[in-house]
Amino acid sequence: MFTSLSDRLTATFKNLRGKGRLSESDVNATIRDIRLALLDADVSLPVVKKFTHAVRERAMGAEVSGALNPAQQVVKIVNEELVDILGGATRTIVFAKNPPTVIMLAGLQGAGKTTLAGKLGRWLKEQGHTPILVAADLQRPNAVTQLEVVGERAGIPVYAPERGNIGGHDAVGPTGEGTKSFGDPVAVSRAGIEQARRAQHDVVIVDTAGRLAVDENLMQQAADIRAAISPDEVLFVIDAMIGQAAVDTALAFQEGVDFTGVVLSKLDGDARGGAALSVASVTGRPIMFASTGEGVKDFEVFHPDRMASRILD
Ligand code: GDP
1 MFTSLSDRLT ATFKNLRGKG RLSESDVNAT IRDIRLALLD ADVSLPVVKK FTHAVRERAM
61 GAEVSGALNP AQQVVKIVNE ELVDILGGAT RTIVFAKNPP TVIMLAGLQG AGKTTLAGKL
121 GRWLKEQGHT PILVAADLQR PNAVTQLEVV GERAGIPVYA PERGNIGGHD AVGPTGEGTK
181 SFGDPVAVSR AGIEQARRAQ HDVVIVDTAG RLAVDENLMQ QAADIRAAIS PDEVLFVIDA
241 MIGQAAVDTA LAFQEGVDFT GVVLSKLDGD ARGGAALSVA SVTGRPIMFA STGEGVKDFE
301 VFHPDRMASR ILD
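This is how it looks when you write it as structure tokens:
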């Protein structure tokens, strides 16, 4: 991912090499190239505008002196502005003063939530935490089983509703309409947290249901779970492969569940990736983690500075 963006930006900077001083037209040409490279990589338009504006201001005012030549100076500016767009400083889970810390996962179906639950659980365990996963995705019967498999692979216990209770009844949502579900995800989430308290797990990861597209029932259900369990973190998991739709999806989830952080999944794919990179800037929420494969170890803390360096490498 990002190779095309990376190549384009590198080519742009090459044009500046050897210049002793940057003229206004040098800066304009560079900004134009950067703008096209970002747009072609699917970075959202408002983000591109904000970015190029900031780079232009700083590049025009840049002192052509000191240790850096003009080309290096522009690279430095672009790097710093990229870090800013990607959320600035690295930020991960903020733990609750009184455990358990409750982390809710939200996102579209197929985004990678269930897989992430295992990865995050494993990462937390490595740091000495004692996480438990809660199966509150009750839309698809398979989802509970899938989380159990993920938990087993990661060596993390899973709280799931009793199979006897999974009878295929229609749960009645707060608005009165039936939601096709085989249990009450709010009740299961609450019970999972209770179980965590009893068994002294210090972190609870609640996996919730997704749909293929944003819909009202899904969002209401996620909002109901959020209201009922007051999570310390709500992580919005977004598939970096969905391209342009990433920004609108993120905004819909921000309105619905007011997430506290973003997880970019499928960063191992070959999509252009720019839309996913826009999510932090558009929502003002940090990208905390990246998922880079199907395995439980394919997971890393997202560092805006390292990602920027990777893109500009
Ligand atoms: P959920 O519906 O949001 O719970 O999504 P899942 O966790 O079930 O993931 C959907 C599919 O994407 C599964 O086949 C996962 O193995 C796959 N997947 C999840 N994360 C990644 C990732 O980072 N990279 C790749 N290549 N596949 C992933």
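Residues in the sequence shown are numbered from 1 upward in steps of one, following UniProt numbering. Glycine included, each C-beta is placed from N, C-alpha and C at the ideal position. Source: prediction; values computed, not measured.
query, result
"Taking only three categories from DSSP, how would you classify P141?", "helix"
"Taking the alpha-carbon positions, what's the N69 to K266 distance?", "37 Å"
"Of all the CB atoms in chain B, is at least one closer than 8 Å to the CB of Q139?", "Any reference to chain B falls outside this structure, which holds one protein chain only."
"Less than 8 Å separating the beta-carbons of G243 and A213?", "no"
"Sort A143, S189, L120 by Cα distance to G155 and report the nearest one.", "L120"
"What did DSSP end up calling I34 once you bin it into helix, strand or coil?", "helix"
"Judging by CA-CA distance, which residue of V301, V282, V75, L105 is the nearest neighbour of S291?", "V301"
"Is A189 near the ligand GDP, going by C-beta to nearest heavy atom under 7 Å?", "The residue you asked about is not Ala; residue 189 is Ser in the sequence shown. Every heavy atom of the ligand GDP is 7 Å or more from the Cβ of S189, so no."
"According to DSSP, G261 sits in a beta bridge with which residue or residues?", "L235"
"Rounding to the nearest angstrom, what Cα-Cα distance links K19 and L38 in this structure?", "24 Å"
"How long is the line joining the alpha carbons of S4 and L16, rounded to whole angstroms?", "19 Å"
"Which partner residues of I311 appear in the DSSP bridge assignment?", "Beta-bridge pairing links I311 to no other residue."
"Any heavy atom of the ligand GDP inside 7 Å of the beta-carbon of E294?", "yes"
"Quick one: is the Cβ of T208 within less than 7 Å of any heavy atom of the ligand GDP?", "no"
"In the DSSP output, which residue or residues are listed as bridge partners for residue 317?", "As shown, the chain starts at 1 and ends at 313. That puts residue 317 outside it, with no answer to give."
"Is P231 near G261, with beta carbons less than 8 Å apart?", "no"
"What distance in whole Å lies between the Cβ atoms of Q200 and Y159, which are believed to be in contact at a cut-off of 8 Å?", "With 8 Å as the limit, Y159 and Q200 do not qualify as a contact, their Cβ atoms being about 14 Å apart."
"What are the boundary residues of the beta strand (DSSP E) that includes P131?", "131 to 136"
"Reducing DSSP to helix, strand and coil, say where T208 ends up.", "strand"
"If you follow the beta strand (DSSP E) that I103 is part of, which residue opens it and which one closes it?", "101 to 106"
"Less than 8 Å separating the beta-carbons of L277 and V43?", "yes"
"Assess contact between the segment 87 to 104 and the segment 216 to 233, defined as three or more Cβ pairs (one per stretch) separated by less than 8 Å. Is contact present?", "yes"
"Going along the chain, which residues of its own chain have a beta-carbon closer than 6 Å to the beta-carbon of G176, five neighbours each way excluded?", "Confidence at G176 is low in this model, with a pLDDT of 34, below 50, so the placement of that residue is unreliable and no value is reported for it."
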